[in-house]
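J.: Position in the sequence shown (from 1) plus 146 gives the number in the working numbering.
We put the CB at the ideal spot given by N, CA and C, even for glycine.
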Amino acid sequence: MLIKSLEKMEEIVKNDKSLSWRGWDVVHRIPNPTAWSKPDGAFVKGRWYIQKTFELSTEGWEIPNKLVR
147 MLIKSLEKME EIVKNDKSLS WRGWDVVHRI PNPTAWSKPD GAFVKGRWYI
197 QKTFELSTEG WEIPNKLVR
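1) Starting from residue 93, trace the beta strand (DSSP E) in both directions and tell me its first and last residue.
2) Excluding the 5 residues preceding and the 5 following residue 194 in the sequence, name in chain order all residues of the same chain whose CB lies nearer than 8 Å to its CB.
3) From residue 215 to residue 191, what distance separates their C-alpha atoms?
4) Contact check, residue 150 vs residue 174 under 8 Å by CB: the rounded distance?
5) Take residue 170 as the anchor and find which of 147, 153 and 161 has the nearest alpha-carbon.
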(Lines of atoms letter the chains of each structure in order from A and count residues from 1; the text may use other names and numbers.)
(Lines give C-alpha, C1' and ligand atoms only; values in the text may rest on other atoms or scores of the structure.)
Protein backbone atom coordinates (compact mmCIF):
# COMPACT_ATOMS: atom_id res chain seq x y z
CA MET A 1 0.00 0.00 0.00
CA LEU A 2 1.30 3.42 -0.90
CA ILE A 3 1.19 5.96 1.94
CA LYS A 4 1.58 9.48 0.59
CA SER A 5 0.94 11.51 3.74
CA LEU A 6 3.44 12.06 6.55
CA GLU A 7 0.55 12.39 9.01
CA LYS A 8 -0.88 8.99 7.96
CA MET A 9 2.53 7.32 8.23
CA GLU A 10 3.13 8.86 11.66
CA GLU A 11 -0.22 7.40 12.79
CA ILE A 12 0.67 3.94 11.43
CA VAL A 13 4.10 3.96 13.16
CA LYS A 14 2.59 5.24 16.42
CA ASN A 15 0.04 2.38 16.49
CA ASP A 16 2.48 -0.47 15.71
CA LYS A 17 5.28 -1.27 18.16
CA SER A 18 7.19 -3.21 15.50
CA LEU A 19 7.61 -0.03 13.44
CA SER A 20 10.01 2.83 14.10
CA TRP A 21 11.58 5.77 12.31
CA ARG A 22 15.14 6.02 10.99
CA GLY A 23 15.30 9.51 9.59
CA TRP A 24 12.55 9.64 6.95
CA ASP A 25 12.53 5.84 6.51
CA VAL A 26 10.31 3.40 8.41
CA VAL A 27 11.86 0.26 9.93
CA HIS A 28 9.86 -2.91 10.66
CA ARG A 29 11.47 -5.30 13.16
CA ILE A 30 10.28 -8.75 14.20
CA PRO A 31 12.10 -10.62 17.02
CA ASN A 32 13.77 -13.79 15.75
CA PRO A 33 16.47 -15.76 17.59
CA THR A 34 17.92 -17.09 14.30
CA ALA A 35 18.15 -13.62 12.72
CA TRP A 36 21.92 -13.61 13.39
CA SER A 37 22.29 -15.93 10.38
CA LYS A 38 20.05 -13.93 8.02
CA PRO A 39 21.10 -11.13 5.65
CA ASP A 40 18.32 -8.92 7.03
CA GLY A 41 19.14 -9.71 10.68
CA ALA A 42 19.83 -6.89 13.12
CA PHE A 43 21.04 -6.94 16.73
CA VAL A 44 19.22 -4.23 18.68
CA LYS A 45 19.31 -3.70 22.45
CA GLY A 46 20.50 -7.23 23.16
CA ARG A 47 18.04 -9.05 20.86
CA TRP A 48 18.09 -10.33 17.28
CA TYR A 49 15.45 -9.13 14.81
CA ILE A 50 14.53 -9.58 11.18
CA GLN A 51 14.51 -6.03 9.88
CA LYS A 52 12.95 -4.49 6.77
CA THR A 53 13.36 -0.82 5.87
CA PHE A 54 10.74 1.07 3.86
CA GLU A 55 12.47 4.03 2.29
CA LEU A 56 10.73 7.28 1.45
CA SER A 57 10.44 7.76 -2.31
CA THR A 58 9.15 10.68 -4.33
CA GLU A 59 5.73 8.96 -4.21
CA GLY A 60 5.68 8.20 -0.45
CA TRP A 61 6.23 4.95 1.48
CA GLU A 62 5.31 1.57 -0.02
CA ILE A 63 4.47 -0.76 2.88
CA PRO A 64 2.64 -4.11 3.10
CA ASN A 65 -1.12 -3.92 3.67
CA LYS A 66 -0.80 -6.00 6.87
CA LEU A 67 1.09 -3.13 8.54
CA VAL A 68 -1.70 -0.62 7.88
CA ARG A 69 -4.21 -0.83 10.71
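T.: Short version:
1) The chain is shown only over 147 to 215; residue 93 falls outside these bounds and no answer can be derived.
2) 177, 178, 179, 180, 181, 182, 187 and 188
3) 26 Å
4) Contact doesn't hold; Cβ gap of about 19 Å is too wide.
5) 153
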